[in-house]
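**Student:**
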Amino acid sequence: MKNTLLAASIVAAVSLVSVNTYAADTGGYIGASVGQTSSDALDDLDSIPGVSVDDSDTGYKIFAGYNFNANFAIEGFYTDLGEISATNGVTTASVSLDSLGVAGLAILPLNDDFGLFAKVGYQRWDGELKSTGASSTNEDGSDAVLGLGVTYDVQNISLRGEFERYAIDGDDVDLLSVGIAYNF
40 MKNTLLAASI
50 VAAVSLVSVN
60 TYAADTGGYI
70 GASVGQTSSD
80 ALDDLDSIPG
90 VSVDDSDTGY
100 KIFAGYNFNA
110 NFAIEGFYTD
120 LGEISATNGV
130 TTASVSLDSL
140 GVAGLAILPL
150 NDDFGLFAKV
160 GYQRWDGELK
170 STGASSTNED
180 GSDAVLGLGV
190 TYDVQNISLR
200 GEFERYAIDG
210 DDVDLLSVGI
220 AYNF
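Per the working numbering, residue 40 is the first one in the sequence shown, and the count goes up by one each step.
Okay, structure coming up:
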């Protein structure tokens with residue numbers, strides 16, 4: 040009888056620990072990040088004599104998501120990918136880009152504080168092309184977004200470092216960022 044009672048107590052304790060761990064790994068979050076963008080869209084122009092290319096800018100992202108368990112989350116985001124430009128001293132052309140999308144995150148907890156994640160998602164992007172002496176034009180489309188990151192959790196706050204690659208109509212825009220999220 041004592042062995043049965045002891046075994047039942049152990050099973051109950053382990054079950055409670057499992058339930059509490061699961062509950063801590065589920066729930067919503069909101070956050071923001073800022074970093075450096077770079078694009079390969081103007082690489083061909085960079086080799087032309089007299090043409091100056093600026094293919095990086097500051098980018099930022101606002102995101103919200105839901106952790107279904109310790110290993111999977113879904114996240115919606117708005118990202119401002121900044122502006123890239125090229126000039127020949129007379130004419131300047133620039134493109135500013137932003138993105139709205141959703142991604143699934145595969146999460147690998149390393150311990151109670153640190154974790155790694157990979158993301159795959161879908162995004163709708165919008166670009167505005169401006170050129171000296173001409174009216175601006177808009178172009179939009181939809182493409183994939185991929186990412187890798189690391190998180191550090193402190194109570195309800197997660198600090199995040201992340202690399203993301205946004206496919207934009209055959210070109211890539213990369214965002215290397217740091218951010219913070221509030222988990223609720």
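Quick reminder that beta carbons are idealized off the backbone N, C-alpha and C, glycines included.
Which value, in whole angstroms, describes the spacing of the CA atoms of residue 199 and residue 93?
**Tutor:** One C-alpha to the other measures close to 27 angstroms.
**Student:** So who's on the other strand from residue 123, going by DSSP bridges?
**Tutor:** DSSP, once it has assigned bridges, lists 134 as partnering residue 123.
**Student:** Thinking C-alpha only, which one of 142, 218 and 131 is nearest residue 122?
**Tutor:** It is 131 whose Cα lies nearest to the Cα of residue 122.
**Student:** Taking all protein chains shown into account, decide if residue 120 is buried (16 or more other Cβ within 10 angstroms of its Cβ) or exposed.
**Tutor:** Under this definition residue 120 is a buried residue.
**Student:** Could you tell me the alpha carbon to alpha carbon distance between residue 190 and residue 170, rounded to whole angstroms?
**Tutor:** Rounded to the nearest angstrom, the two C-alpha atoms are 40 angstroms apart.
**Student:** Check whether the region 63 to 74 touches the region 99 to 113, counting contact only when three or more Cβ pairs, one atom from each stretch, lie closer than 8 angstroms.
**Tutor:** Touching, yes.
**Student:** For residue 66, which residues of its own chain have a beta-carbon under 8 angstroms away from its beta-carbon, when the five flanking residues on both sides are left out?
**Tutor:** Counting only Cβ-Cβ distances below 8 angstroms, and skipping sequence neighbours, we find 105, 106, 222 and 223.
**Student:** Quick one: complete beta strand (DSSP E) runs, 3+ long, within the region 83 to 117?
**Tutor:** Qualifying beta strand (DSSP E) stretches, in chain order: 91 to 93 and 95 to 106.
**Student:** On the three-state DSSP scale, how would you describe residue 162?
**Tutor:** Of the three classes helix, strand and coil, the one that applies to residue 162 here is strand, per DSSP.
**Student:** Rounding to the nearest angstrom, what Cα-Cα distance links residue 175 and residue 95 in this structure?
**Tutor:** Roughly 20 angstroms separates the two Cα atoms.
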